[in-house]
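Comments concern the structure below.
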Amino acid sequence: MQIKILGCSGGIGAELRTTSMLVDQDILIDAGTGVGNLCMDELLKIDHILLTHSHLDHIAFLPFLLDTVMGIRAEPITVYANKETLETLRLHIFNWKVWPDFNAIPSVDNPFLRYSEVKLGEPLELNGRKFTPLPANHVVPAIGYHVDSGEASLVFTGDTTVCDALWVEVNKIKNLKYLIIETAFSNSELVLAQLSKHLCPSLLISELANLTMHHTQHAVEVYITHLKPGEGESIMQEIAESHLAFPIHALKQQQEFHL
């Protein structure tokens, strides 16, 4: 499996793009503004979109993607998410007021957009590739994903704050190679991080302490996503000052991971 980071910023401006990952050529994890970097041929190959939650920075380009490729490709696109996220899409996005209801066109019986609910701990297999929803703790119902090729695994937390249930599941993964975890704010914004249910470096360090020795001693690579524009350097500096026993890197657009 190849995972390419299309966007990983907590905002926009200049070259910054919000969260989206391309898995191989046919799967997206989240559909933020990073999707806009794909060419038409790449857009046409996307069959499946897995969402972590309903916030705009993670779904902003889903409506544009559907509108762009419908009529060019014959097969529908399936969106996978938890029950609450799917309900938000139905009620507040694809409702004919904000955007056309692609779940009803060209017809209700043959929609271009198909919804598929996922549940915590229940693996979704797509042509031999396994995606398992993980617990997250955010201001709206949210999940992360455990991506498993069979040879190696990547965990993407999505947006979350302190979440004990997440680490229970992460510590069960024997072939974990990469951990992508959010840290949106600096330590000076601890109150805002707690209010919005994001992480700051001090909270991140406490969370990473939950990794078992199995993971901390076997070179799991940790990458930080969702850095707020203008704060990335200070956030990464505060993380570096914690002197963790394993390296932590800022996730970068166009970065690729192989599982």
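Residue numbering for the sequence shown follows our numbering, starting at 73 and increasing by one per position.
For glycine and all other residues, C-beta sits at the position ideal for the given N, C-alpha and C.
Using only alpha-carbon positions, find the residue among the options that is nearest to residue i.
{"i": "N175", "options": "P148, M308 and L248", "result": "P148"}
{"i": "N199", "options": "V219, L123 and H270", "result": "V219"}
{"i": "S274", "options": "V263, D96 and N259", "result": "N259"}
{"i": "S268", "options": "P213, P178, Y152 and L283", "result": "P213"}
{"i": "G302", "options": "V234, G82 and L78", "result": "G82"}
{"i": "F133", "options": "L163, K169 and G79", "result": "G79"}
{"i": "I209", "options": "T233, Y152, E189 and L226", "result": "A quick correction: the sequence has Asn, not Ile, at residue 209. Out of T233, Y152, E189 and L226, T233 has the C-alpha closest to the C-alpha of N209."}
{"i": "T124", "options": "L331, D173, Y152 and I77", "result": "Y152"}
{"i": "N109", "options": "E87, D129 and L128", "result": "E87"}
{"i": "A224", "options": "F184, L248 and T150", "result": "L248"}
For residue i, is the classification buried or exposed, using 16 other Cβ atoms within 10 angstroms of its Cβ as the cut-off for buried?
{"i": "I131", "result": "buried"}
{"i": "A256", "result": "buried"}
{"i": "R186", "result": "exposed"}
{"i": "N332", "result": "The structure shown has nothing for residue 332, since the chain only spans 73 to 331."}
{"i": "P205", "result": "buried"}
{"i": "D113", "result": "exposed"}
{"i": "G30", "result": "Since the displayed the chain opens at 73 and closes at 331, residue 30 lies outside it and no answer follows."}
{"i": "D96", "result": "exposed"}
{"i": "K55", "result": "Here the chain has residues from 73 to 331 only, and residue 55 is not among them."}
In angstroms with no decimal places, state the Cα-to-Cα distance between residue i and residue j.
{"i": "V211", "j": "S278", "result": "20 Å"}
{"i": "N182", "j": "A146", "result": "11 Å"}
{"i": "E156", "j": "Q327", "result": "30 Å"}
{"i": "I320", "j": "Y250", "result": "11 Å"}
{"i": "F136", "j": "K191", "result": "26 Å"}
{"i": "L122", "j": "D102", "result": "6 Å"}
{"i": "M308", "j": "M73", "result": "28 Å"}
{"i": "I177", "j": "W171", "result": "12 Å"}
{"i": "I84", "j": "E194", "result": "33 Å"}
{"i": "V294", "j": "V180", "result": "43 Å"}
{"i": "G329", "j": "S126", "result": "The sequence shown places Phe at residue 329, rather than the Gly named in the question. Each residue's alpha carbon lies about 25 Å from the other."}
{"i": "A281", "j": "L316", "result": "9 Å"}
{"i": "D98", "j": "H120", "result": "6 Å"}
{"i": "K202", "j": "T91", "result": "20 Å"}
Are the beta-carbon atoms of residue i and residue j separated by less than 7 Å?
{"i": "E254", "j": "D236", "result": "no"}
{"i": "M93", "j": "I75", "result": "yes"}
{"i": "C272", "j": "L283", "result": "no"}
{"i": "T140", "j": "L115", "result": "yes"}
Is any heavy atom of the ligand GTP found at a distance shorter than 6 Å from the C-beta of residue i?
{"i": "P205", "result": "No copy of the ligand GTP appears in this structure; indeed no ligand is present at all."}
request  = Within the stretch 101 to 161, note down every full alpha helix (DSSP H) run reaching 4 residues or more, in order along the chain.
outcome  = Taking 4 residues as the minimum length, the alpha helix (DSSP H) runs contained wholly in the stretch 101 to 161 are 112 to 116, 128 to 131, 134 to 141 and 155 to 160, in order along the chain.
message = Threshold first: 4 residues or longer. Then list the alpha helix (DSSP H) segments lying entirely within the stretch 298 to 326, N to C.
response = Assignment of alpha helix (DSSP H) within the stretch 298 to 326, counting only whole runs of 4 or more residues, yields 304 to 312 in chain order.
task = Output the residue ranges of the alpha helix (DSSP H) runs that lie fully inside the stretch 259 to 287 and measure 4 residues or longer, sorted by chain position.
result = For secondary structure counted as the alpha helix (DSSP H) over 4 or more consecutive residues, the stretch 259 to 287 holds these complete runs in sequence order: 262 to 268 and 273 to 280.
query = At what residue ranges does the stretch 211 to 265 contain a whole run of the alpha helix (DSSP H), taking only runs of 4 or more?
reply = Within the stretch 211 to 265, the runs of alpha helix (DSSP H) at least 4 residues long that lie entirely inside it are, in chain order, 236 to 242.
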